[in-house]
Structure formats: C-alpha cells, structure tokens
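**Student:** Numbering (the working numbering), first residue to last: 214 to 542.
In this text, a Cβ means the ideal position worked out from N, Cα and C, and glycines have one as well.
Keep in mind it's a predicted model, so treat the numbers as computed, not measured.
Quick one: the structure is below, questions incoming.
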DNA sequence: GTCGATGATTAACT
DNA sequence: AGTTAATCATCGAC
C-alpha cells in the first residue's frame, strides 16, 4: 500500500517531460533521472504519517473526482475489450456432468448417500437382501469419499472466498487512487472463480474416479454375483424342463417366475437364455436333470407340492409335459 | 490354487 | 423386442 503511493508520487512528478529540441532532450532526461532519484531518496526520509497525509490530501483533492471520472472513461474506451474472453463452454458442461454423477452416486448432494446407493445396487443386480455385508462396506467407503470430498470442497470454497474478498478489498482500495471500474473488479473476481473452479473440477474428477473404482469393486453386478437359491433354481428348472419343447416363457410367466424366485424379470430372462444355450450345447450332460424333473412334475407331487403347485399356476398352462430331449427349439 | 458351474454382459442377429 | 452365442467374473467344491 505504501509502495503504491510512493510509485504514484514518483510517476506524477516524472511525467512533465516536455517536448524540446533534440539537444536539450538528453540533458532533460538526465535531469529527470536525478530528480526521480532524489524523490526516492526523500521518501525514505518521510515518515508514514506524512505519506498518509499526502495520500489523504490527494484523495480529497477537489479535482480528484472529476479527473478520476475522466480517467475511468478513457480507460473504459481504450481498454482492450476483455469481455470477448468468453469462457469456453466445454469445461462448464463437463463440470455439470461430474456434478450430476456425484449427485447420482449420493456424494454430491447434501443428503446421505444411503438411498441412492441402494437404488444403484438394485439396478445393477436385483438381489434384494443378500450381500448386505459388502453393501455395508461399500456404504462406509462411499461415505468416506463423501466426507473427504465435502471437506475438500469446503476448504476450496473458503480459500476461494477468502482470496476473492482479499483481492476485492485490495482493488477497492486501489480504485481510490487508480481508475478501476466495478466492472473490472467483477471481471477479476470471475477470473479468480474460474481458476478456483478448475481446481474444484479436479477434485470432482478424482472423486468421480474414486467412486467408479469403488463401485466396480463392490457393486458391479458381475462381481456381486450370487447364485440363486436352491428353491429358485428348482422353480426355474421345473418350468424349463416341463416346457422343453418351447422353453420361452412369455412376459407374464417371467414375471410370475420372478416373483416366485425372488429375483427380477431380467434375471429370469438371463437364466432362461443361459439355460437354453447350455442345454443345447450339451444335451447329454443335462439328461439326468431332464429325468429328475420329469419325475418331479409327473410323479412325486407331494414332496414338492409347494413348488409344483406354484409352477402349475393358472397363468402357466402346462397340461402336456411335452419335453422332447432332441435339442431342437 | 484350480476348475467347473453359474449369473451377467455384450454384440450380432432377426 | 427378444434371442443367441461368446465371454466375463465370481462362486463353490475339491
């Protein structure tokens, strides 16, 4: 602050470089330099009060406001129009994508991540209650990431606002002695915010990556794979082998089987897809299964009554046990 | 640690 | 849209 008032003082006096002829010019320059040097030396002799007083006097000089306005106007007109520096669109949209993702993962928002994590888990797999152990671990790790993220974000925001207000105060202070329009302050603030937002973006990016890694480790459907319960497999196999001639359950049947097996319709479709192809690939290997389920559905009704009765519900008409182990679909 | 079984994913096809 | 076929990744028994 003091340094600035000093330079201002020197600049004012050093400005009266008249346009004389060439011979005198050299001498004048020389004289100027000596003057400036003397003034600089004089400054060290000045005490702070004197300097402040002079600054005060300058600030409240009756011509000051008028001159200042003119200076501002000149600057506004001559300044290289910085407003052409429109920030690029891509980082903004990129930031928005990251924000959306963090929000979706339950990291970005103010709420706890539990609910959305459950949604993610349900969408990925469908196994409703198993894997709670890993799920808990996942949630814990996610909340860890969340904590770190929010702590960092807060730190950045605080640093940003601190720095911004500092710069603004500085500029406001300086605007009393040099022409700085509020617009310029605004622009500077915008620049600061942009700089900080790139840091923020890096934070968000790395958080996203961490979440992705975590997700792939805990919630990826393939990793989370659990074998269906014995009963579920029984039900599915029963339908399959009792409809071996055409093992293609329609949507309704799939829904029913899904409900019975406590799995999703998609999982039923997966199961039938896998079963069909694997059966077809090696009929001999499944011959035993064919026999077992043929026995079950035709003979031993009592032992599998609950399963069989549900499999033979009205929506799945299996009046004919037309299993034809010829491998043709 | 290996290996077959198994559920999920994917591209290509109809 | 729904399937097939190949493939991936994990499970579970040994």
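Whole angstroms are fine: how far does the CA of residue 504 sit from the CA of residue 467?
**Tutor:** Roughly 24 Å between the two C-alpha positions.
**Student:** So, with DSSP's three-state summary, where would you put residue 316?
**Tutor:** Of the three classes helix, strand and coil, the one that applies to residue 316 here is helix, per DSSP.
**Student:** Whole angstroms are fine: how far does the CA of residue 241 sit from the CA of residue 250?
**Tutor:** Roughly 14 Å separates the two Cα atoms.
**Student:** Which of helix, strand or coil does DSSP assign to residue 373?
**Tutor:** In this structure, residue 373 counts as helix in the three-state DSSP scheme.
**Student:** Is the Cβ-Cβ distance between residue 460 and residue 441 less than 9 Å?
**Tutor:** Contact flag unset, no.
**Student:** Look at the alpha carbon of residue 416 and the alpha carbon of residue 401, and state the distance between them as a whole number of angstroms.
**Tutor:** So the two alpha carbons sit approximately 23 Å from each other.
**Student:** If I measure Cβ to Cβ from residue 406 and keep anything under 8 Å in the same chain, skipping five residues before and after, which residues do I get?
**Tutor:** Hits under 8 Å: 373 and 377.
**Student:** For residue 315, which residues in the same chain have their Cβ closer than 6 Å to its Cβ, ignoring the five residues on either side in sequence?
**Tutor:** 321.
**Student:** Mind listing, in chain order, the continuous alpha helix (DSSP H) runs of no fewer than 4 residues lying wholly within the segment 441-470?
**Tutor:** Runs found: 443-455.
**Student:** Classify residue 242 as helix, strand or coil using the three-state DSSP reduction.
**Tutor:** Helix, per DSSP.
**Student:** Determine the DSSP secondary structure at residue 414, reduced to helix, strand or coil.
**Tutor:** In this structure, residue 414 counts as helix in the three-state DSSP scheme.
**Student:** Let's see if you can read the secondary structure: which residues bound the alpha helix (DSSP H) around residue 476?
**Tutor:** No alpha helix (DSSP H) contains residue 476, which DSSP labels as neither H nor E.
**Student:** Measure the C-alpha to C-alpha separation of residue 493 and residue 458 and round it to an integer number of angstroms.
**Tutor:** Taking the straight line joining both Cα atoms gives about 12 Å.
**Student:** Express the C-alpha separation of residue 392 and residue 278 in angstroms, rounding to a whole number.
**Tutor:** Approximately 11 Å between the Cα atoms of the pair.
**Student:** Exposed or buried, what is residue 554 when buried is set at 16 or more other beta-carbons lying within 10 Å of its beta-carbon?
**Tutor:** Since the first and last residues shown for the chain are 214 and 542, residue 554 lies out of range.
**Student:** Cutting at 6 Å between CB atoms, please list the residues of its own chain near residue 488, excluding the five before and the five after it.
**Tutor:** The residues are 453.
**Student:** Taking its Cβ as the centre, do 16 or more other Cβ atoms sit within 10 Å of residue 424, making it buried, or is it exposed?
**Tutor:** It is buried - the Cβ of residue 424 has at least 16 other Cβ atoms within 10 Å.
**Student:** Please report the distance separating the alpha-carbon of residue 501 from that of residue 308.
**Tutor:** If I take the Cα positions, the gap works out to 58 Å.
**Student:** Count the other CB atoms, across all protein chains shown, that sit within 10 Å of the CB of residue 480; report buried if there are 16 or more and exposed otherwise.
**Tutor:** Buried, because 16 or more other Cβ atoms sit within 10 Å of the Cβ of residue 480.
**Student:** Cα separation between residue 280 and residue 263?
**Tutor:** Their Cα atoms are separated by approximately 24 Å.
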